[in-house]
Amino acid sequence: MEKVNYSYSTLSLITIINYLKKGYLKRERENYEYHIKDRDEFLRGIILGFPMSQIVLDNSNKIIVGESLINILLDFFEDKIEISNGISKKIIKDNLSLFEKDKFRRKTISDILENYHNKKEFRLRFSTLPEEIQQELENYQLQYISLNLPNKNNKEEYRNQIFYYLNKYR
């Protein structure tokens, strides 16, 4: 096998989401499986600004590694995901001042805070987060690796080996 060349770069999450919607970035699977608690803890970490693992793209901008995380983020940005009650409460506790600041501008946030303070159940979506958190998420910088895979005849073999290697030794 020939040596693989690569480069590192970053893009904002909103740019990645837009590239996915326009087809500039390609996914193998749009359906994915995850444990809901893991998914929600991942989203909480992103909201807290924790770094996310790099994604890896091949020559054709197909996602090789990190696809399930990107799918979760895309679904979250499109309001297809509701974060569980327990994790939603942690997110509000982590960001109470931002929710309090937005409650006067948006009834949705006011209702969520009322449920939070009265210990009632609720679930957060991207659209129900304070605007400041939404903007921080949109501007979140995600590092990606662009691979320049040699030998077009063996691209699938390279993709599979890189996927295996990166998932095993991360």
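When we follow my numbering, the leftmost residue of the sequence shown carries the number 12, and every step to the right adds one.
A virtual CB, placed ideally from N, CA and C, is assigned to each residue, including glycine.
Proximity winner among R50, H46, K166, K100, relative to K131 (alpha-carbon distances):
K100
Q. Is the stretch 108–124 touching the stretch 81–90, taking contact as three or more C-beta pairs under 8 Å?
A. no
Quiz item: Is the Cβ-Cβ distance between Y155 and I57 less than 9 Å?
Solution: no
Notebook entry, point to check: Helix or strand or just coil, what does DSSP make of N16?
Noted result: strand
- Message: Contact between the stretch 132–146 and the stretch 86–106 is defined here as three or more beta-carbon pairs at a separation below 8 Å; is this criterion met?
- Response: yes
Nearest-angstrom Cα distance between V76 and N129?
42 Å
* Which class does I103 belong to by DSSP, given the choice of helix, strand or coil? -> helix
Next on the checklist: Do D69 and R136 count as a contact pair if the criterion is CB distance below 9 Å?
Outcome noted: no
Discussion item. Counting C-beta neighbours from all protein chains within 10 Å, is the total for Y45 16 or more, i.e. buried, or is it exposed?
Written reply: exposed
Going residue by residue through the stretch 40–99, where are the continuous alpha helix (DSSP H) segments of at least 4 residues, counting only ones entirely within it?
47–58, 78–88
Give the DSSP-derived three-state secondary structure of Y30 in the structure shown. helix
Check your understanding: Taking C-beta to C-beta, are F88 and L24 nearer than 9 Å?
Key -> yes
- Query: With N159 and N16 assumed to form a contact (beta carbons below 8 Å), what rounded beta-carbon distance in angstroms separates them?
  - Reply: 4 Å
* Minimum C-alpha distance to S157 - residue among E149, S71, N29, G60 -> S71
Checklist entry - Can you list, in chain order, the residues of its chain whose CB lies under 8 Å from that of L124, leaving out five sequence neighbours each side? => result I103, F110, E111, K114
* Supposed close pair R55, I27 - CB separation, criterion 8 Å -> Not quite, the Cβ-Cβ distance comes to about 19 Å (not below 8 Å), so this is no contact.
Exercise. What separation, rounded to the nearest whole angstrom, lies between the Cα atoms of K14 and L177?
Worked result: 16 Å
| message | Tell me which residues share the same chain as F174 and place their Cβ nearer than 7 Å to its Cβ, disregarding the 5 neighbours each side in the sequence. | response | I75, V76
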